[in-house]
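A.B. asks: So the sequence shown is residues 0 to 79, counted in numbering that gives the first Met the number 0.
Where a beta carbon is used, it is the ideal one built from N, C-alpha and C, also for glycine.
Pasting a structure below so you can have a look.
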Amino acid sequence: MNKSYEPPIHWNDYEDIAMALYEKFGDDFTESKIYRIRFTDLLEWVLSLPNFEGKREEANEGHLEQIQAAWVYEWRDNQD
0 MNKSYEPPIH
10 WNDYEDIAMA
20 LYEKFGDDFT
30 ESKIYRIRFT
40 DLLEWVLSLP
50 NFEGKREEAN
60 EGHLEQIQAA
70 WVYEWRDNQD
């Protein structure tokens with residue numbers, strides 16, 4: 000399997016988005032900081048992920064809330 004191939008990510012791939020955001024920002028964002036991120040910023044960061052193929056107009060608050068929650072779980076998983 001080609002390691003460089005990453006499948007496309009869409010809005011409902013919350014865990015994949017969260018992993019990508021954690022890889023991008025690492026521990027710059029703790030749990031409390033993740034929950035304080037403005038949705039306008041989060042939207043831009045998700046849209047800028049390399050293999051993200053969702054469209055801006057497909058985003059909604061529910062997606063962004065789920066992404067925040069998944070990011071917090073991803074951050075917690077990496078704290079041991």
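Which term fits residue 67, buried or exposed, when burial requires 16 or more other beta carbons within 10 angstroms of its beta carbon?
C.D. replies: Classification of residue 67: buried, given that the 10 Å Cβ count is 16 or more.
A.B. asks: Does the separation of the CB atoms of residue 74 and residue 38 fall below 8 angstroms?
C.D. replies: no
A.B. asks: Return helix, strand or coil for residue 8, following the three-state DSSP convention.
C.D. replies: strand
A.B. asks: Can you look up residue 18 in the DSSP assignment and give me helix, strand or coil?
C.D. replies: helix
A.B. asks: Mapping the DSSP letters down to three states, classify residue 24 as helix, strand or coil.
C.D. replies: Reduced to three states, the DSSP call for residue 24 is helix.
A.B. asks: Would you decide whether residue 40 is buried or exposed? Buried here means 16 or more other CB atoms lie within 10 Å of its CB.
C.D. replies: exposed
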